[in-house]
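Report on the structure given below.
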Amino acid sequence: CRTTASCPSIPFRLELGTVRQMRGCLMQTSQLPLWVLYVQALAPTFVAIVAALIAGYIALRQWWTAHDRLSFDLFEKRFAVYQATQTLISTLHGGLTPEDMGHFYEGIRGAEFFFDGDTRNFLMNIGDMALRARSKRFQLEQQPNHPNLDQLIKEEESILNFLRQQDQNLERLFSRYLDLSKVGLRR
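Quick note on the working numbering: the sequence shown kicks off at -1 and runs consecutively.
This is the structure:
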């Protein structure tokens, strides 16, 4: 065995029975069992893996929460469009007023971004037909003695009847967007 003089990193002399030679320097042997040495060596790695798994789980839960929040926000906006359309159709009893049209257009603002082709076209068609009915009503109000008064009344009434019949289509078209079991919310 070498003495401490040959190994500059050890400043004092150790007893011969408590040291062994390793790569030219003296090292003290451990009195701990081998399994304890393995646990000491692997514990930081194990703790890091467990911490990474916990952080990954938290990140996954946050992603799920953000996804559910997005689905719920989209549901709320789509439901507001549905309510505005349903309100317009339900107020067709005595003709459309400018306030009815204003509430409808305010309620469906941005709807073209929330729905695909059929539903978007349906909403635009409802809006166009309601505007046509309102313009017929405006003509009747402005010219009560219009020479084609009967024709204007029939045109307005046919448009209003068409709009009233759209109530069944409204339910069918919006059901895929407003069915809570299909919007992707997690339990």
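Cβ atoms here follow ideal geometry from the backbone N, Cα and C, with glycine treated the same way.
Being a predicted model, the structure only gives us computed values, none of them experimental.
Asked: For leucine 171 and arginine 162, I'd like the C-alpha separation in whole angstroms.; Found: 15 Å
Asked: So what does DSSP say about serine 88, is it helix, strand or coil?; Found: helix
Asked: Any idea if phenylalanine 102 is buried or exposed, counting beta-carbon neighbours within 10 angstroms, 16 or more meaning buried?; Found: buried
Asked: Is DSSP giving glutamine 29 helix, strand or coil here?; Found: coil
Asked: Figure out for me which residue from Met99, Met122, Gly100 and Glu104 has the closest Cα to the Cα of glutamate 110.; Found: Met122
Asked: Is the beta carbon of lysine 134 sitting closer than 8 Å to the one on leucine 147?; Found: no
Asked: CA-CA distance, threonine 192 and arginine 174?; Found: Lying outside -1 to 185, the shown extent of the chain, residue 192 is not represented and no answer is given.
Asked: As a quick exercise: from Thr83, Phe112 and Leu138, pick the residue whose alpha carbon is nearest that of phenylalanine 70.; Found: Phe112
Asked: Given that a residue counts as buried once 16 or more other Cβ atoms are within 10 Å of its Cβ, and exposed if not, what is valine 79?; Found: buried
Asked: Quick test of your reading: alanine 131 and leucine 168, contact by CB under 8 Å. State the CB separation rounded to the nearest angstrom.; Found: Contact flag wrong, Cβ pair sits at about 17 Å.
Asked: On the CB-based measure, 16 or more other CB atoms within 10 Å of its CB, does alanine 50 come out buried or exposed?; Found: exposed
Asked: Between which two residues does the alpha helix (DSSP H) carrying leucine 138 extend?; Found: 115 to 140
Asked: Can you tell me which of the three DSSP states threonine 83 falls into?; Found: helix
Asked: Looking only at its own chain, which residues have a Cβ that is under 6 Å from the Cβ of alanine 82, when we skip the five neighbours before and after it?; Found: Phe102, Gly105 and Ile106
Asked: Going along the chain, which residues of its own chain have a beta-carbon closer than 7 Å to the beta-carbon of aspartate 98, five neighbours each way excluded?; Found: Leu86 and Thr89
Asked: Between which two residues does the alpha helix (DSSP H) containing phenylalanine 160 stretch?; Found: 147 to 176
Asked: Do you know how far the Cα of proline 31 is from the Cα of threonine 43?; Found: 20 Å
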